[in-house]
Amino acid sequence: MIERNYPCFATINRNVYNKQNIYYCMLSYKLSEMVLKAIENSPMGITNLEVLESLSLSGPFTLKTTLSRLNKSGRIIRLKRGVYSSNPMRDVYACAQALFNGYLGFSTALYLRGLISELPFTVTVVTASKSFTKTFAAYQFKAVALKEKAVGFENKGPYVVSTRAKSLFDCIYLPKYSIEQEKLVNAFKDASLLPSEWREFRHYVKKFAVGDISKRFLNVERAIKG
């Protein structure tokens, strides 16, 4: 196990006593274990380079080399430049938010708010900038750019999630990231949005739904209210 994660041990000639090489490998192994432990002990198993540097475990270059080695060996996951997670991920939703700058939305928000019981395969984050997808092991993370429409969110526990009204708006606006419309209607029938939430929903429709698309929102609202 040690030789697989730390190749320097494997390259040592067993028949030649090389004190310097052995000492270097032991230091490298000790540093890697300390860095790994620091990541695993971070909130939700996620931390960044700035925090790790503040621990003064080594110099910046050595720390980056150690992180690269841990990532390549699969002991940690590099979410993006300077951001790392324990492996396996402790909290996929926290990882998604660390990966993308935005709020959890669409079917992911429906699940986190208890509107649906089926766990979505893809974790979706709404951003103001660009859309792209990244995959780590069994998890797929998708950023969906809504630009000026990337509003209407709030803190829910450790996450930032679209409000119920904005979740409904987003799912109608881009249904390919939602669930089937019939299931969406039934979910919000059961949810019983408050009058204030319906006002919030209509605010987004008035502001962002231009032209014929506004009819789609009206039809879904009518279906939900029965």
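The numbering of the sequence shown is our numbering, which starts it at 954 and goes up by one.
Even glycine gets a Cβ: it sits at the ideal position worked out from N, Cα and C.
Bear in mind the structure is a predicted one, so any value in this text is a computation, not a measurement.
When C-alpha distances from Phe1089 are compared across Tyr1064, Val1076, Val1114 and Arg1175, the shortest belongs to Val1076. Beta bridge pairing from DSSP links Ile1069 with no other residue. Of the other Cβ atoms in all chains shown, fewer than 16 fall within 10 Å of the Cβ of Ser1084; this residue is therefore exposed. Within the DSSP bridge table, the entry for Ser985 names no partner. In the three-state scheme derived from DSSP, where H, G and I count as helix and E and B as strand, Thr1116 is classed as coil. With contacts defined by Cβ atoms closer than 8 Å, Ser1120 and Leu1063 form a contacting pair. Taking a cut-off of 8 Å on C-beta distances, the segment 1051 to 1061 does not touch the segment 1008 to 1020, as fewer than three cross pairs fall below it. Distances from the alpha-carbon of Lys1109 to those of Ala1140, Gly1067, Lys1102 and Thr1086 put Gly1067 closest.
The segment 1127 to 1140 and the segment 1157 to 1165 do not touch, with fewer than three beta-carbon pairs separated by less than 8 Å. Here Thr1086 is exposed. Its C-beta has fewer than 16 other C-beta atoms within 10 Å.
Within the same chain, and ignoring the five residues on either side of Val1173 in sequence, the residues whose Cβ sits closer than 6 Å to its Cβ are Ile1125.
Each residue's CA atom was taken as its position, placing Lys1178 and Lys1159 some 19 Å apart. Judged by beta-carbon spacing, Ala1047 lies beyond the 8 Å limit of Val1036, meaning their Cβ atoms are not closer than that value. Distance from the CA atom of Thr1000 to the CA atom of Ser1149, rounded to whole angstroms, is 38 Å. Going by C-alpha positions, Glu1006 is about 28 Å away from Val1078.
For Val1138, same chain residues with a beta-carbon under 7 Å away, outside a window of 5 residues either side, are Val1173, Ala1176 and Ile1177 in chain order. Going by C-alpha positions, Arg1169 is about 23 Å away from Ala1081. Note that the C-beta distance between Arg1028 and Leu1002 is not below 8 Å.
For Gln1134, DSSP records no beta bridge to any residue. A Cβ-Cβ separation of about 21 Å leaves Ala1103 out of contact with Leu1146 under the 8 Å criterion.
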